[in-house]
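Chain order of the listed sequences is A and B.
Counted the way our numbering counts, the first sequence spans residues 1 to 385.
Counted the way our numbering counts, the second sequence spans residues 1001 to 1385.
Protein chains: 2
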Amino acid sequence: MDEVIIAGVGQTEVGEHWEIALRDLAFAAIQEAVRDAGGLRPQALFVGNMLAPSLSRQAHLGALIADFAGLSGIEAVTVEAAEASGGAALRAAYLAVKSGALDIALVVGVEKMTDRIGPSAEEALTSVTDADFESPQGLTPTAQAALLMRRYMHEHGVPSDGFAGFALTAHANAVTNPYAMFRKAITVETYRKAEMVSDPLNLFDMAPSADGAAALILTRPDVLPSHGDRPWVRIIGSAIATDTLALHDRRDMLFFEAAQRSASYALKQARLTLDQIDFFEYHDVFSIYAALQLESTGFAIRGHGWKLAAEGAIGLQGRIPCATFGGMKARGFPGGAAGVYQAVEAVLQLRGEAGKNQVPGARIGMIQSLGGPAATAVTHLFQAA
Amino acid sequence: MDEVIIAGVGQTEVGEHWEIALRDLAFAAIQEAVRDAGGLRPQALFVGNMLAPSLSRQAHLGALIADFAGLSGIEAVTVEAAEASGGAALRAAYLAVKSGALDIALVVGVEKMTDRIGPSAEEALTSVTDADFESPQGLTPTAQAALLMRRYMHEHGVPSDGFAGFALTAHANAVTNPYAMFRKAITVETYRKAEMVSDPLNLFDMAPSADGAAALILTRPDVLPSHGDRPWVRIIGSAIATDTLALHDRRDMLFFEAAQRSASYALKQARLTLDQIDFFEYHDVFSIYAALQLESTGFAIRGHGWKLAAEGAIGLQGRIPCATFGGMKARGFPGGAAGVYQAVEAVLQLRGEAGKNQVPGARIGMIQSLGGPAATAVTHLFQAA
């Protein structure tokens, strides 16, 4: 009886929350998840966070949030794997519940990136690149993504507005997501006129750094007091894989090996093939990452990831819907919380509670969270229970 | 078959390692642990670290260390729970192996506190206190410990050199530990003449911030290809508990509730009572913490923790040997690695490989790692296999 389910989800609106402390943001998401799970009281807390120690000068979030959420005394730790911290925290909680050592675990992803007392978000984010060989040369994550994008466009003959489809889809889906940061559709003209950030990467090729928190309650069916008609979702696959931290150490910079490997481990565990997946929440913190993820996981052949977006195949009615609630691009990118938002959104899809964002007939969903340019990749597969 | 064992251990000398990069330190400990485990190749890496993101501007240590240790591609994350990060990483690895999702896990605790590009170690350490209500008032961990010590001395009528026993025992034991930072015995005169740091806490009431790495290989007996005569040690108890992060929120500041609770959970799991424990590696980053831990776990009654040290009961031949290789005080305190050093030392004791530091007939050991003043407490129990 080691099956693990998600019994409750919660999220806060993503945005600039200068008036709300990190602990309050986390608490809001936790409250919603606990309520959604019918009041199950967690025995342990797994926090996904990447930047609080530098941006807010606050480490030790496990004890802090457990206490503030009225759960003082319970087991609590933080799990960090750069931008994939949320996904990694989910996996840690999954393993804990699966082990039988715990019956009910709480995952909260929380990040405050816009309101800070430490260095700038870009400077802090650079700490996830190699501090001996990359960041001292001035290589920020954005610059790194721009270099990958330039190479990709050169190799595959992508036109200058070739990546527009990712932003268009994300913004179109965010319009009806009350938790999204940018609830406004854009046109290809908006994309074409966007300010260049790091040529060829423009403002719409990157996700906005934001504040937010999302939470999940994990448990096993055998310990649920009474199922009732409360909807829950099974975790049928869970895997983390890594790659070299520094891009220059890779054989092929345009293939995310960790994304490929973690996806194939998760599929193997679930005994599924890719064509059985009904939607894919990718890590579109940069549009080039989304394209490379589609190719590395196998949803597109090499060089064709951008075409999936350009041809509308990633829309809600498309062949493989992605960023169904706006993705990191338009729902917003709250760092280590992002992977938990993906999970919350996947659960809503599988429960059929996604409203206007519903993927018709969604039964199985895949989410994948990346740390850096897939130096870490965390994949989870969920199935409607 | 969910029994978890430690099949290999490794550690580096604790000290000021300005000439060695964080990744090299970690690799040295990993190499030793893998060799000690007969070459078992880990499938996942759990890093215990608390300060690299601020002190070295390096987050994402999982992918970095996995890659540098020649394990590129494996699952890897960092677990943070302030100074208890090492113990928390051990527990995460334990849960992963126990769950059956992984067969072989590697734990590495690593910290570089003396050589840094970020803020001072004291400033960075302060990030584990409450950043909204404690640190802005200037409350550093050392000041916090001094306040606790002052109150304790007042409550229990402790003489000014009452805590000397902790430092004396630690330094006496470190003399024969080749990995220790300070291999020099001290006398009570040394303690009495020591420079005051934060009255009444003097230089010998606190552990030196240091650099170091320690590693463990965890697996299950059912997956070991062949046991041979290779010694290993069982993990028979594992628990984390938390308390309020801010001291002012506690009912009783002189009792570490999380220490009590995590110890009693671990004992319950192992079906043991305290009198069956042969030695106790406590978290003597401050001598007052050691005293409060002895009382909170039940080895001493309230107000008598310091007496255990003063009366020699914590020596290698004493009633409850503590800090058997010098503890954090004299072996040195490498932050998030400290909890893993405790585990390595406990394994050496239980294998009977502790040399001149051997606790006679040691069969069962307890280690306990704290984050802040026991806002987090991680307890593990080990038994000779």
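C-beta: ideal position from N, C-alpha, C; glycine also.
Fully contained in the segment 1046–1125 of chain B are the following alpha helix (DSSP H) runs of length 4 or more, in chain order: 1061–1068, 1085–1099, 1121–1125.
Looking at the DSSP output, A1210 of chain B bridges to nothing. In the three-state reduction of the DSSP assignment, M1149 of chain B falls in the helix class, which pools H, G and I. Going by C-alpha positions, G1073 of chain B is about 33 Å away from I30 of chain A. Under a 10 Å Cβ-count criterion, G1355 of chain B is classified as exposed, with fewer than 16 other Cβ atoms of the shown protein chains found around its own Cβ. Within chain A, the residues whose beta carbon sits less than 7 Å from that of Q1058 of chain B are S127, A131, listed in sequence order. Sequence-distant partners of P1141 of chain B (beyond 5 residues in either direction) whose C-beta falls short of 6 Å from its own C-beta, in its chain, are L1125. S1238, A1239, I1240, A1241, T1242, D1243, T1244, L1245, A1246, D1249: these are the residues of the segment 1237–1252 of chain B whose beta carbon lies less than 9 Å from some beta carbon of chain A, given in chain order.
Annotated three-state conformation of T1187 of chain B is coil, per DSSP.
The alpha carbon of A375 of chain A has as its nearest neighbour, out of A:N177, A:H248, A:V110, the alpha carbon of A:H248. With 16 or more neighbouring CB atoms inside 10 Å of its own CB, H1171 of chain B falls in the buried class.
For the segment 1327–1340 of chain B, the set of positions with a beta-carbon nearer than 9 Å to some beta-carbon of chain A is empty. Closer than 7 Å at the C-beta level to chain A, one finds these residues of the segment 1042–1067 of chain B: M1050, P1053, S1054, S1056, R1057, Q1058, A1059, H1060, G1062, A1063, L1064, A1066, D1067. A distance below 7 Å between beta-carbons, with the five flanking residues on each side excluded, links M1328 of chain B to the following residues of its chain, in chain order: A1207, H1283, D1284, V1285, A1338. Contact between A1044 of chain B and A1076 of chain B holds: their C-beta atoms lie close to 7 Å from each other, under 8 Å. The segment 54–68 of chain A makes no contact with the segment 187–194 of chain A: fewer than 3 CB pairs, one atom from each, lie closer than 8 Å. Contact between the segment 1108–1125 of chain B and the segment 263–279 of chain A is absent, with fewer than three C-beta pairs closer than 8 Å. Considering only A:I288, A:I217, A:G162, the residue with the shortest C-alpha distance to A33 of chain A is A:I217. Burial state of I240 of chain A is buried, judged by a 10 Å Cβ sphere holding 16 or more other Cβ atoms. Here the segment 46–61 of chain A makes contact with the segment 1041–1059 of chain B; the two share three or more CB pairs at distances below 8 Å.
Between L95 of chain A and chain B, the shortest Cβ-Cβ separation is below 8 Å.
A:G305 is the residue among A:G138, A:L55, A:G305 whose C-alpha sits nearest the C-alpha of F255 of chain A. In terms of Cβ geometry, Y191 of chain A and L168 of chain A form a close pair [threshold 8 Å].
Put simply, the segment 160–167 of chain A touches the segment 297–311 of chain A. At least three CB pairs are less than 8 Å apart.
Ranked by Cα distance from G118 of chain A, the first of B:A1121, B:S1127, B:R1116, B:D1115 is B:S1127. When the alpha-carbon of D1199 of chain B is set against those of B:M1181, B:S1085, B:P1231, B:A1146, the nearest one is in B:A1146.
Residue environment for D130 of chain A: buried (at least 16 other C-beta atoms within 10 angstroms of its C-beta). In terms of Cβ geometry, M366 of chain A and L348 of chain A do not form a close pair [threshold 8 Å]. Look at F1166 of chain B here: in three-state DSSP terms it is helix. With fewer than 16 other CB atoms across the displayed protein chains lying within 10 angstroms of its CB, F1133 of chain B is exposed. Close CB contacts of R302 of chain A within its chain, under the 7 Å cut and outside five residues either way in sequence, are with E295 (chain order). V197 of chain A and S287 of chain A have their C-alpha atoms some 13 Å from each other. Ranked by Cα distance from L25 of chain A, the first of A:A259, A:G100, A:S99, A:A210 is A:A210. Put simply, the backbone Cα of P1178 of chain B is about 11 Å away from that of G1015 of chain B. The alpha-carbon of A1385 of chain B is positioned some 57 Å away from that of R150 of chain A.
Annotation for C1322 of chain B: F1280, Y1282, I1314 place their beta carbon closer than 6 Å to its own, counting only its chain and skipping 5 residues before and after.
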